[in-house]
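The structure appears below as structure tokens.
Numbering (my numbering), first residue to last: 2 to 416.
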């Protein structure tokens, strides 16, 4: 079980129904001191954002009611000052009920905000869309799923306007218009057809041929790009192979559909071994996907041992000069670069290679600069310590030289 610090109670999930029900119990005596310590920390944190609560905290913390804590927490959440956390495990079906209770209590309704801010795809100008059905339509595709009966389902959150079944929407990424054939309100795995969906609602729609998680859907006459989602890199991978030759083609198709649905799931072929390697956010994540291969796509696979996806990182700054020179009869190869390598700047949010060209005076011709950048981007896939990839680094190209005959783009890429 867990201790709910807000209600100051213990919660124990019943094992006989696999966590479907729970019982509230008094906090065990051997935990009272620890619970009191953490509850005081909770009250102190919340009181920082509420002056009335701060006064009561200093006078008598025990006088603060559950309702006052929830109201103060909700106000702080709406101001994006606090991110609430609850204990639980979806795998063991424990904590789901309390999490949903606090979603209702603490998280904002669409009507609690002034609106969503996006940008114009052509001008980059900021656009505010209020949570009203009178505003132009704008929605975010936050999930793609494959249904055996209706095909591809796209889950959308509507921020403004209204969408009717049979109408057309504009995809700001692909710049295509597509027809929405049906709209469903989802209840667990049940699909309830509805004629339309309005601002603040979540629905699943059918009809897209080209859609990706994070796409913005809008009106062609009133285009907008909403803030997309950033997905973490996979942390664990394992090799799989089909059990029978008949499953080879089916496996490729099934993995493609799973990767389309889940942006945190990656599929790649190891160049050295030729094995298919799947990567995800943890062992449970991959176990679920392998089970889906068997259950939904009827594909049996053999799997290897999970391997953690280690990364290498740069913590210091180093200056280095590299001269690439090769002569093997006829025209040779020559490139000379001087770089400063360091961690990326704090405001460089997209990750990857932050490449800065500081060459002046033509010491390296401009047509060779992209090749230097390409070479460093390629080198990031294999770190110098143990061959693990680097998620990001900063490279400043500060000096170098070239040979009028022997230098070419490939030489500077290899340097």
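Ideal Cβ placement from N, Cα and C applies to all residues, glycine included.
Checklist entry - My guess is that residue 179 and residue 248 are in contact by the Cβ rule of under 8 Å, so how many angstroms apart are they, rounded? => result Walking along the chain shown from the start, residue 179 turns up at place 178. Walking along the chain shown from the start, residue 248 turns up at place 247. The pair is not a contact, with the Cβ atoms about 33 Å apart (cut-off 8 Å).
Next on the checklist: I need the boundaries of the beta strand (DSSP E) containing residue 321, first residue and last residue.
Outcome noted: On the chain shown, position 320 is the one that residue 321 refers to. Note, residue 321: beta strand (DSSP E), 319-327.
Checklist entry - What is the C-beta distance between residue 266 and residue 294, in whole angstroms, given that I count them as a contact (C-beta under 8 Å)? => result Position 265 of the chain shown holds residue 266. Position 293 of the chain shown holds residue 294. Incorrect: roughly 12 Å between the Cβ atoms, too far for contact.
Item to check | Per DSSP, the bridge partner or partners of residue 127 | outcome: Along the chain shown, one-based indexing puts residue 127 at 126. Secondary-structure assignment with DSSP links residue 127 through a beta bridge to 120.
Checklist entry - So, is the C-beta of residue 272 closer than 8 Å to a C-beta in chain D? => result Considering every chain present, this structure includes no chain D. It has just one protein chain.
Checklist entry - What is the DSSP secondary structure of residue 177, counted as helix, strand or coil? => result As a position in the chain shown, residue 177 is number 176, starting the count at 1. Residue 177 falls in the strand class under three-state DSSP.
Item to check | Residues that residue 172 bridges to, as DSSP identifies them | outcome: As a first step, residue 172 is located in the chain shown; it is residue number 171 there, counting from the start. Paired residues: 177 and 218.
Next on the checklist: In this structure, how does DSSP classify residue 98 when only helix, strand and coil are distinguished?
Outcome noted: In the chain shown, residue 98 corresponds to position 97, counting from 1. Residue 98 falls in the helix class under three-state DSSP.
Checklist entry - With 16 as the cutoff for other CB atoms within 10 Å, does residue 394 come out buried or exposed? => result The residue labelled residue 394 in the question sits at position 393 within the chain shown. Classification for residue 394: buried.
Checklist entry - By how many angstroms is the C-alpha of residue 112 removed from the C-alpha of residue 135? => result Counted from its first residue, the chain shown places residue 135 at position 134. Counted from its first residue, the chain shown places residue 112 at position 111. Whole-angstrom Cα-Cα distance: 14 Å.
Checklist entry - Do the stretch 357-372 and the stretch 325-333 meet, that is, are 3 or more Cβ pairs less than 8 Å apart? => result No: fewer than three Cβ pairs fall under 8 Å.
Next on the checklist: As a quick exercise: from 373, 86, 335 and 396, pick the residue whose alpha carbon is nearest that of residue 356.
Outcome noted: Translated into positions along the chain shown, residue 356 becomes position 355. Answer by Cα proximity: 396.
Item to check | Range covered by the alpha helix (DSSP H) that runs through residue 395 | outcome: Mapped onto the chain shown, residue 395 falls at position 394. It is not in any alpha helix (DSSP H) - residue 395 instead sits in the beta strand (DSSP E) that spans 393-402.
Checklist entry - Per DSSP, which one or two residues make a beta bridge with residue 88? => result The residue you call residue 88 lines up with position 87 of the chain shown. Bridge pairing for residue 88: absent [DSSP].
Next on the checklist: With three or more beta-carbon pairs closer than 8 Å as the criterion, would you say the stretch 396-408 touches the stretch 347-363?
Outcome noted: By the Cβ rule, the stretch 396-408 counts as touching the stretch 347-363, because three or more pairs are nearer than 8 Å.
Item to check | Counted within 10 angstroms of its Cβ, other Cβ atoms place residue 219 as buried (16 or more) or exposed | outcome: Translated into the one-based positions of the chain shown, residue 219 becomes position 218. Counting other Cβ atoms within 10 Å of its Cβ, residue 219 reaches 16 or more and is therefore classed as buried.
Checklist entry - What is the rounded straight-line gap between the Cα of residue 243 and the Cα of residue 288? => result Taking the first residue of the chain shown as position 1, residue 243 is located at position 242. Taking the first residue of the chain shown as position 1, residue 288 is located at position 287. The straight-line gap from Cα to Cα measures roughly 16 Å.
Item to check | Reference residue 254, options 147, 191 and 339, closest by Cα | outcome: Within the chain shown, residue 254 is the residue found at index 253, counting from 1. In terms of CA proximity to residue 254, 147 leads the group 147, 191 and 339.
Item to check | Terminal residues of the alpha helix (DSSP H) in which residue 259 lies | outcome: Within the chain shown, numbered from 1, the residue matching residue 259 stands at position 258. 248-262 is the extent of the alpha helix (DSSP H) around residue 259.
Checklist entry - Looking only at its own chain, which residues have a Cβ that is under 7 Å from the Cβ of residue 98, when we skip the five neighbours before and after it? => result Residue numbering aside, residue 98 sits at position 97 when the chain shown is read from its first letter. Same-chain partners within the cutoff: 23.
Checklist entry - Would you report the Cα separation of residue 307 and residue 276, rounded to the nearest angstrom? => result Residue mapping note: residue 307 aligns to position 306 of the chain shown, counting from 1. Residue mapping note: residue 276 aligns to position 275 of the chain shown, counting from 1. In a straight line, the C-alpha of residue 307 is about 14 Å away from that of residue 276.
Checklist entry - If we count Cβ pairs, one from each stretch, closer than 8 Å, do we get three or more for the stretch 124-139 versus the stretch 152-162? => result Between the stretch 124-139 and the stretch 152-162 there are three or more C-beta pairs closer than 8 Å, enough to call the two in contact.
Checklist entry - Straight-line CA distance for residue 74 to residue 54? => result Residue 74 sits at position 73 when you count from the first residue of the chain shown. Residue 54 sits at position 53 when you count from the first residue of the chain shown. A straight line joining the alpha-carbon of residue 74 with that of residue 54 spans about 11 Å.
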